[in-house]
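Presented below is the structure to which this report refers.
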């Protein structure tokens, strides 16, 4: 509505607002926003699950490396003992 039109009406006589092309362009945005939020929440859950799985895997690998290092140390001690005999 143009500024000139605003002077034709008193406060309680405003005509009903008709949807403009701008309104039509942006009318889908609330639904799109909800869709994007839902996608974001889903991706965050998936990322959290992956981080947890990787953390568990990493812990398992660290345990394995620790056992292998202990085995190496024990084998070195055994070899040194054989060499002394």
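Residue numbers (the working numbering): -2 to 82.
A virtual CB, placed ideally from N, CA and C, is assigned to each residue, including glycine.
- Collapsing the DSSP output to three states places residue 24 in coil.
- When the five nearest sequence neighbours on each side are left out, no beta carbon in the same chain lies closer than 7 Å to the beta carbon of residue 75.
- The C-alpha of residue 79 lies about 37 Å from the C-alpha of residue 54.
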